[in-house]
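Report on one structure; see the data block that follows.
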Amino acid sequence: MNSSCLFTTFIFAAVISLGCLRSTGAATCHPDDEAGLLSFKAGITEDPLGILSSWKKGTDCCSWFGVICITGDRVTELRILGSSVLGVGFLSGTISPSLAKLEHLETLSFTNLLNITGPFPQFLFRLPKLRYVTIRDNRLSGPLPVNIGSLSELVELDLEGNRLTGPIPSSISNLTRLTWLNLGGNSLSGTIPDVFKSMKELGLIDLSRNGLYGKLPPSMESLAHTLTSLYLSQNNLSGTIPDYFSEFKALATFDLSRNRFTGVVPMSFAKLKSLFHLKLSHNFLTGPLPALNPVNGIASLDLSYNRFHLKTIPQWVTSSPSMYDLKLVKCGIEMNIEEWEPVRTGLFYIVDLSKNDISGSPARFLNRADVLQEFRASGNKLRFDLGKLNFTKSLRILDLSRNLVYGKVPASVAGLRKLSLSQNNLCGRLPVTKFPASVFAGNDCLCGSPLPPCKT
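Position 280 (the sequence shown) corresponds to 266 in this note's numbering; numbering is contiguous.
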């Protein structure tokens, strides 16, 4: 997860509830605020769902949709949300500088509108009380302003999912009150600036899905007491994983996946007692792993596509009381899967053990995984009778391709959404026709639609 996954979970409900986010007081809004909002509306070229239809001159702007006046007649919050669930942009146009008239504005949120264009709004620098800025999943473009640090009252800055380019300005170090920094999903470049010594309130950093490169800055060590979530995936970051992260007592989510990190995972990571989600996939990491043993156990773990030679699934993974998402693709595992007995099999939602050297039958695990939705183990040496396997009702995706699986294909596969059984030793008439022939390719004695007819 990057942070966007958590954010969009409730986005549709937020759209519905926004109609209630209006002042309940009797005061009529200030004429400057009304003028600023109406000028903003005039800059919107499309509003297909009529989100701004309540914005009419001569009516109380504190009662307009998305407008909040906490006290008196001045607008303090402006929140306009679209919905990725509906797959449409609620608004198209630009963010008018007329919003600078909202001198008491503390919160500005334009989210999932998709078609809001233009550069980073310069008028924000003229709003002295601004504390929360969220302009995410739109089409803002161009660089971040070099003087972004002038927004010194900011507590949250969220610009995820735009088209911003260029480096992260070093003046961001002046945002000393910032607790939430999300610049993920843009096209930012350069190195991560070494500016964190003055930003000791940060609880979340998301710089994922950009074009950042270089090593992690030493000053990030200053966040040891506050940082709970770090998302740096899908960049070109390199070097070794700094040992200082072992002192991050509150760190719950640590995602360095899809970068170019080398070396080992520091053994001192065993000290991380709050760690819950660890994603290190698609790097060049090697060596033994530390025995991670956080208080509540690891819940999701992805070590795939590195240079590990684990031999077996680590004991600390097996004993985790919270594990629900496990991905160990191409990790050099050579065990018999029948020897793997997780303490909480019933919690697993996703398991991917593909491209290893795992033997035996996963039947016992699959029969006990009551809520398992996805099981992938392609490219191993699994050998068992598929016809005797009982699928749980929750299972939706099954990939056992390129193994040594034999027997008949059971009719229960009809309940799956995705299936891959290619390159095995299966035989007999297919009981379902819902899947394409490629799902069963490489099993020479399977027959029946979508494969050639069986010989009578």
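Glycine residues also receive a C-beta, built at the ideal position from the N, C-alpha and C atoms. Just so we're clear, the structure is a prediction, and the values are computed from it rather than from any experiment.
His268: buried (16+ other C-beta within 10 angstroms of its C-beta) or exposed? Reading the sequence shown from its first residue, position 282 is the one you call residue 268. Buried, by the Cβ-count rule.
When the Cα atoms are used, what is the spatial distance from Asn245 to Phe96? Position 259 of the sequence shown, counted from the start, is the residue given in the question as residue 245. Position 110 of the sequence shown, counted from the start, is the residue given in the question as residue 96. Straight-line Cα distance between these residues: approximately 30 Å.
Measure from the alpha carbon of Gln108 to the alpha carbon of each residue in Asn124, Gly176 and Pro129, then state which is nearest. If you number the sequence shown from 1, residue 108 lands on position 122. Closest by alpha carbon: Pro129.
Buried or exposed for Gly36, going by 16 or more other Cβ atoms inside 10 Å? Here the question's residue 36 lines up with position 50 in the sequence shown. Gly36 should be labelled exposed.
Checking 8 Å against the spacing of the C-beta atoms, do Leu307 and Val329 come in under that value? Position 321 of the sequence shown, counted from the start, is the residue given in the question as residue 307. Position 343 of the sequence shown, counted from the start, is the residue given in the question as residue 329. In the sequence on display, residue 307 carries Pro and not Leu. Contact flag set, yes.
How would you call Gln220, buried or exposed, if buried means at least 16 neighbouring beta carbons within 10 angstroms? On the sequence shown, residue 220 is found 234 positions in, with the first residue counted as 1. Taking all protein chains in view, the Cβ of Gln220 is crowded by 16 or more other Cβ atoms within 10 Å, so the residue is classified as buried.
Euclidean distance between Cα positions of Ser215 and Thr239: Here residue 215 refers to the residue found at position 229 of the sequence shown. Here residue 239 refers to the residue found at position 253 of the sequence shown. Between Ser215 and Thr239, the C-alpha separation is close to 5 Å.
Is Ile158 helix, strand or coil when you go by DSSP? If you number the sequence shown from 1, residue 158 lands on position 172. For Ile158, the secondary structure class from DSSP, reduced to helix, strand or coil, is helix.
Among all the DSSP beta bridges, which residues are the ones paired with Asp371? What you label residue 371 is simply residue 385 of the sequence shown in a count that begins at 1. As a beta-bridge residue in DSSP terms, Asp371 pairs with Tyr392.
Ignore the nearest five residues each way along the sequence and tell me which others in Ala256's own chain have a CB closer than 7 Å to its CB. The residue given as residue 256 occupies position 270 in the sequence shown. So the list reads Pro276, Ala277, Leu278 and Asn279, once near-sequence residues are dropped.
Val303 lies in the alpha helix (DSSP H); which residues open and close that run? Indexing the sequence shown from 1 puts residue 303 at position 317. Per DSSP, Val303 belongs to the alpha helix (DSSP H) from Gln301 to Thr304.
Tyr230 in three-state terms, based on DSSP: Here residue 230 refers to the residue found at position 244 of the sequence shown. In this structure, DSSP gives Tyr230 a helical state, which the three-state scheme calls helix.
Locate the alpha helix (DSSP H) running through Asn353, then write down its first and last residues. Translated into the one-based positions of the sequence shown, residue 353 becomes position 367. For Asn353, the enclosing alpha helix (DSSP H) begins and ends at Ala349 to Arg354.
What is the DSSP secondary structure of Asp18, counted as helix, strand or coil? Mapped onto the sequence shown, residue 18 falls at position 32. In this structure, Asp18 counts as helix in the three-state DSSP scheme.
Closest by C-alpha distance to Asp123, when choosing among Ser136, Ser260, Leu100 and Leu116: The sequence position of residue 123 within the sequence shown is 137, counting from 1. If you compare the alpha carbons of Ser136, Ser260, Leu100 and Leu116 with that of Asp123, the shortest gap goes to Leu100.
State the start and end residues of the unbroken beta strand (DSSP E) segment that holds Asp293. Indexing the sequence shown from 1 puts residue 293 at position 307. It is worth fixing the name first, because residue 293 is Arg in this sequence and not Asp. Here Arg293 belongs to no beta strand (DSSP E), and DSSP marks it neither H nor E.
In or out: Thr442 buried (at least 16 other Cβ within 10 Å) or exposed? Here residue 442 refers to the residue found at position 456 when the sequence shown is read from its first residue. The residue in question, Thr442, is exposed, as its Cβ has fewer than 16 Cβ neighbours within 10 Å.
Check whether the Cβ atoms of Leu126 and Phe111 sit closer than 8 Å, and answer yes or no. As a first step, residue 126 is located in the sequence shown; it is residue number 140 there, counting from the start. As a first step, residue 111 is located in the sequence shown; it is residue number 125 there, counting from the start. Between Leu126 and Phe111, the C-beta spacing is not below 8 Å.
Let me make sure I understand the geometry here. Which of Val53, Leu116, Gly79 and Glu63 has the alpha-carbon closest to that of Gly29? Working through the sequence shown from its first residue, we reach residue 29 at position 43. The option with the nearest alpha carbon to Gly29 is Gly79.
For Asn366, count the other beta carbons within 10 Å of its own beta carbon; 16 or more makes it buried, fewer makes it exposed. Which is it? Here residue 366 corresponds to residue number 380 of the sequence shown, with the count starting at 1. Buried, since its Cβ has 16 or more Cβ neighbours within 10 Å.
Return the residue from the list Gly104, Gly68, Ile66 and Leu77 that minimises the CA-CA distance to Pro83. Taking the sequence shown and counting its residues from 1, one reaches residue 83 at position 97. Considering only alpha carbons, the answer is Gly104.
Could you give the first and the last residue of the continuous beta strand (DSSP E) run that contains His263? Against the sequence shown, residue 263 aligns to sequence position 277. His263 -> beta strand (DSSP E) spans His263 to Lys265.
In terms of residues, what are the limits of the beta strand (DSSP E) holding Val337? To locate residue 337, count along the sequence shown from 1; it is residue 351. Val337 -> beta strand (DSSP E) spans Ile336 to Asp338.
Return the CA-CA distance between Leu23 and Leu85, expressed in angstroms with no decimal places. For the purposes of this step, residue 23 is taken as the residue at position 37 of the sequence shown. For the purposes of this step, residue 85 is taken as the residue at position 99 of the sequence shown. Roughly 6 Å between the two C-alpha positions.
Name, in chain order, the residues that DSSP records as bridge partners for Tyr118. Position 132 of the sequence shown holds residue 118. Per the DSSP secondary-structure output, Tyr118 pairs in a beta bridge with Thr93 and Glu142.
Residues bridged to Gly197 [DSSP beta-bridge criterion]: For this step, residue 197 is matched to residue 211 along the sequence shown. DSSP lists Ser175 as partners of Gly197.
In terms of residue numbering, what span does the beta strand (DSSP E) encompassing Thr57 cover? Here residue 57 refers to the residue found at position 71 of the sequence shown. Unbroken run through Thr57: none, as it is neither H nor E.
From the DSSP output, in three-state form, read off Lys313 for me. The count along the sequence shown starts at 1 and reaches residue 313 at position 327. If DSSP states are grouped into helix, strand and coil, Lys313 belongs with the strands.
Can you have a look at Asp311 and say buried or exposed, based on whether 16 or more other CB atoms are within 10 angstroms of its CB? Along the sequence shown, one-based indexing puts residue 311 at 325. With a 10 Å radius around the Cβ and a threshold of 16 neighbouring Cβ atoms, Asp311 comes out buried.
Cys413 bridges to which residues according to DSSP? The residue labelled residue 413 in the question sits at position 427 within the sequence shown. Bridge partners of Cys413: Cys431.
Pull up the CB-CB distance for Leu271 and Phe294, whole angstroms please, since I reckon it's below 8 Å. The residue given as residue 271 occupies position 285 in the sequence shown. The residue given as residue 294 occupies position 308 in the sequence shown. Confirmed, Cβ separation roughly 7 Å.
Ala363 versus Tyr118, Gly176, Leu91 and Leu384, residue with shortest Cα-Cα distance: Against the sequence shown, residue 363 aligns to sequence position 377. Ranked by how close their Cα comes to the Cα of Ala363, the residues Tyr118, Gly176, Leu91 and Leu384 have Leu384 in first place.
Tell me whether Lys42 is buried or exposed, calling it buried when 16 or more other Cβ atoms sit within 10 Å of its Cβ. Position 56 of the sequence shown, counted from the first residue, corresponds to residue 42. Exposed, because fewer than 16 other Cβ atoms sit within 10 Å of the Cβ of Lys42.
Through-space distance from Phe426 to Thr120, alpha-carbon basis: Here residue 120 corresponds to residue number 134 of the sequence shown, with the count starting at 1. Here residue 426 corresponds to residue number 440 of the sequence shown, with the count starting at 1. So the two alpha carbons sit approximately 48 Å from each other.
Phe247 - partner residues in DSSP beta bridges: Locating residue 247 in the sequence shown gives position 261, where the first residue counts as 1. DSSP lists Gly225 as partners of Phe247.
Cα-Cα separation, Gly428 to Leu402: As a working mapping, residue 428 is identified with position 442 in the sequence shown. As a working mapping, residue 402 is identified with position 416 in the sequence shown. One Cα belongs to Gly428, the other to Leu402, and the distance between them is close to 20 Å.
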